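**Q** One structure follows; several queries about it will come next.
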Amino acid sequence: MRHAPPRGIEEVAPPHSNVEVADPASPAVPTAPPVEAPAAPSAPVLDVPPPSAGRLVRLRGRLSGSQSALGRGLLALLSRDTIDDDAWDEVEDTLLIADVGVATSREIVDHLRERVRVLGTRSPEEVRGLLRAELLTAIGADVDRELRTAPHDGRPAVVLVVGVNGTGKTTTCGKLARVLVGDGRSVLLGAADTFRAAAADQLTTWAERVGASVVRGPEGSDPASVAFDAVHDGAQKGVDTVVIDTAGRLHTKTGLMDELGKLKRVVERQGPVDEVLLVLDATTGQNGLVQARIFSEAVAITGVVLTKLDGTAKGGIVFAVQRELGVPVKLVGLGEGPDDLAPFEPEAFVDALLDV
C-alpha cells in the first residue's frame with residue numbers, strides 16, 4: 283500500500299491568542315521620531331544698575347586714596363604751632379600744585395588766614411573745620427548741579443556729550459545710560475561719532491546691557507543727521523532721555539568745532555538741547571580749562587564730567603572749573619567699572635579730600 287507523503291507542519295496561532303503573526307514577505311515600516319517644537323528664544327538678561335544717589339559716598343575709598351594727600355598736606359601746614367608768612371606761602375603752593383588755580387588758591391588762603399588770625403585757631407579739629415568751610419565755599423556747594431534728563435513738553439530730554447579725543451566720551455555715554463536707567467529713566471543712545479565704527483559698536487554694547495535703544499548711521503555719514511534721527515526716534519518711542527555721543531575733536535581745530543556747533547543747531551530744530559556735557563580728563567589739569575573755554579564758546583557747555591579723578595592727586599581742577607568757567611562739575615568718573623560714574627557731591631568730595 284502506498285502511503286501519502288507527510289504534510290508540513292502549519293504554523294497556526296492558538297485560539298484566542300493576541301499574538302500577530304508577521305508576514306515574512308512584508309518589510310518593516312520605519313517609524314519617524316516625534317518632531318519637537320523649537321524652543322522659544324529666551325529674553326536677554328539685562329543688568330540692573332544701582333541708583334545714582336549716594337554713589338560718590340560709596341566710591342569714597344577710591345577718591346580719598348588719590349586726593350587725601352592734598353588734604354593731609356594742608357592740615358599739616360595749618361596745624362603748626364606758628365603759622366608765619368612762609369607757611370601760608372606753602373599752603374598756597376600746595377593748592378597750586380593740585381591745580382586749584384591761581385585766583386581760587388589765593389582766595390582760599392586769604393580767607394583762611396583771616397579767620398585763623400581772628401579766631402586764634404590752632405587745634406587740628408578747628409583747623410580742619412575752617413578749611414572744610416573754605417573749600418566748600420570755593421567749590422560752590424550751593425551751585426545747581428542737577429542733570430536735566432527728565433522728559434518735558436511731550437518730548438525727551440536731550441543730552442549732548444562732547445570733548446577732545448581720548449577723554450572717554452563713548453564710555454561716559456554708556457555709563458551715563460546706566461546712571462539714568464538706575465534712576466528709572468528710559469534711554470536712547472545716538473551714535474553720532476560716525477568717524478569710528480568701533481564707537482557705534484561700543485555704544486551698542488553698552489545699550490544692550492541695560493535695554494536701551496541705539497540709533498546709528500553708516501560709517502562716515504553726517505553726524506548731525508544721526509543726531510537728528512536719534513532725537514526724532516526718541517520722541518517717537520516715548521523715551522525719557524536721548525544721549526548723543528559725538529566724535530572727539532581737538533579744541534584747536536576750528537573746522538571741527540564749527541561742525542559741532544552745526545550738529546547742535548540741527549538737533550535744536552526739534553527742541554532745545556537740555557544738557558551739553560564736556561568730558562574732561564582730570565589728569566590733564568589746567569590744560570583741561572583751555573579745552574573747556576573753547577568748547578564752551580562753540581556749544582555753550584552746561585556741565586563738566588571729570589573722568590579718571592581716582593587716578594590723579596590733582597583733583598583741584600574741580601575748583602578751577604567752577605571758579606574760572608562758571609560751569610559746574612556734574613559727574614565724576616572714579617574707576618573702570620560700569621557703575622563708577624557718580625553725580626558730583628561737593629560735601630562728599632571735600633570730606634574725602636580731608637579724610638573726614
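The opening residue of the sequence shown carries number 283 in my numbering; numbering runs sequentially from there.
Yeah, the Cβ is synthetic: ideal placement off N, Cα and C, and Gly gets one too.
Given the structure is predicted, the values throughout are model-derived calculations rather than measurements.
Taking all protein chains shown into account, decide if Ala304 is buried (16 or more other Cβ within 10 angstroms of its Cβ) or exposed.
**A** Residue placement at Ala304 is flagged as unreliable, the pLDDT there being 48, under the threshold of 50; the coordinate-derived value follows with that caveat. Counting Cβ neighbours within 10 Å, Ala304 comes out exposed, since fewer than 16 surround it.
**Q** Under 9 angstroms between the Cβ atoms of Asp621 and Arg337?
**A** Taking 9 angstroms as the Cβ cut-off, Asp621 and Arg337 qualify as a contacting pair.
**Q** Please go through the same chain and pick out, in chain order, the residues whose beta-carbon is closer than 6 angstroms to the beta-carbon of Thr584, but skip the five residues on each side of it.
**A** Answer for Thr584: Glu557 and Val558, listed in chain order.
**Q** Runs of 3 residues minimum, wholly inside the stretch 531-583: which ones carry the beta strand (DSSP E) assignment?
**A** Counting whole runs of 3 or more residues, the stretch 531-583 contains the beta strand (DSSP E) stretches 557-563.
**Q** Since Thr453 is in the alpha helix (DSSP H), which residue starts that stretch and which ends it?
**A** Looking at the DSSP string, the run of the alpha helix (DSSP H) that includes Thr453 is Lys451 to Gly464.
**Q** Considering just the uninterrupted stretch of the beta strand (DSSP E) at Ser495, what are its terminal residues?
**A** Ser495 -> beta strand (DSSP E) spans Ser495 to Arg498.
**Q** Among residues of its own chain, excluding the 5 on either side of Leu394, which ones have a beta-carbon nearer than 8 angstroms to its beta-carbon?
**A** These residues qualify, in order along the chain: Leu360, Val373, Leu412, Leu413 and Glu416.
**Q** Under 8 angstroms by Cβ, that's how I've got Val603 and Val586 pegged, so tell me the actual separation to the nearest angstrom.
**A** About 5 angstroms; that satisfies the 8 angstroms criterion.
**Q** If you check the beta carbons only, do Phe631 and Val600 fall under 9 angstroms apart?
**A** Their beta carbons are under 9 angstroms apart, which means Phe631 touches Val600 by this criterion.
**Q** Let me know if Arg410 comes out buried or exposed under the rule of 16 or more other beta-carbons within 10 Å of its beta-carbon.
**A** By the 10 Å Cβ count, Arg410 comes out buried.
**Q** Based on Cα-Cα distance, which residue from Val444, Asp483 and Lys546 lies nearest to Ala529?
**A** If we check each option's Cα against that of Ala529, Val444 comes out closest.
**Q** Is Gly648 helix, strand or coil when you go by DSSP?
**A** Nothing can be reported for residue 648: it is not among the residues displayed for the chain, which extend from 283 to 638.
**Q** Under a Cβ-count criterion, where at least 16 other Cβ atoms within 10 Å of its own Cβ denotes burial, should Thr376 be classed as buried or exposed?
**A** The residue is buried, with at least 16 neighbouring Cβ atoms inside 10 Å.
**Q** Name the residue from Gly516, Ala482, Ser495 and Thr486 whose alpha carbon lies nearest to the alpha carbon of Gly502.
**A** Selected option, being the one with the closest Cα: Ala482.
**Q** Can you name, in chain order, every residue of its own chain whose Cβ lies under 6 angstroms from the Cβ of Leu538, other than the five neighbours on each side?
**A** Same-chain partners within the cutoff: Arg531.
**Q** Tell me which same chain residues have a C-beta within less than 6 angstroms of the C-beta of Pro505, skipping the five on either side of it?
**A** Closer than 6 angstroms at Cβ, skipping near neighbours: Ala474, Thr476 and Leu545.
**Q** Quick check on the burial criterion: 16 or more other C-beta atoms within 10 angstroms. Buried or exposed for Lys519?
**A** The residue in question, Lys519, is exposed, as its Cβ has fewer than 16 Cβ neighbours within 10 Å.
**Q** With DSSP as the reference, identify every bridge partner of Pro625, one or two as the case may be.
**A** For Pro625, which the question treats as bridged, DSSP gives the partners Leu613.
**Q** Which residues in the same chain have their Cβ closer than 8 angstroms to the Cβ of Ala479, if we skip the five residues on either side of it in sequence?
**A** Cβ neighbours of Ala479 beyond the five flanking positions: Glu501.
**Q** State the start and end residues of the unbroken alpha helix (DSSP H) segment that holds Val409.
**A** It spans Pro406 to Ile421 - the alpha helix (DSSP H) in which Val409 sits, taken as one unbroken run.
**Q** Roughly how many angstroms separate the alpha carbons of Ser507 and Val555, rounded to a whole number?
**A** So the two alpha carbons sit approximately 15 angstroms from each other.
**Q** Is it true that the stretch 511-527 meets the stretch 484-495, where meeting means three or more beta-carbon pairs spaced less than 8 angstroms apart?
**A** Segments in contact, yes.
**Q** Which residues in the same chain as Pro331 place their Cβ atom closer than 8 angstroms to its Cβ, once the five residues preceding and following it in sequence are excluded?
**A** Excluding residues within five positions, the ones whose Cβ falls inside 8 angstroms are Arg460, Val461, Val463, Gly464, Val492, Pro620 and Asp621.
**Q** According to DSSP, simplified to helix, strand and coil, what is Gly585?
**A** Correct three-state label for Gly585: strand.
**Q** Is Ala482 helix, strand or coil when you go by DSSP?
**A** It is helical.
**Q** Is Ala439 closer than 9 angstroms to Thr431 when the C-beta atoms are compared?
**A** Yes. Within cutoff.
**Q** Considering only their Cβ atoms, is the gap separating Leu542 from Ala580 smaller than 9 angstroms?
**A** It is a contact, given that the beta carbons lie within the stated cut-off.
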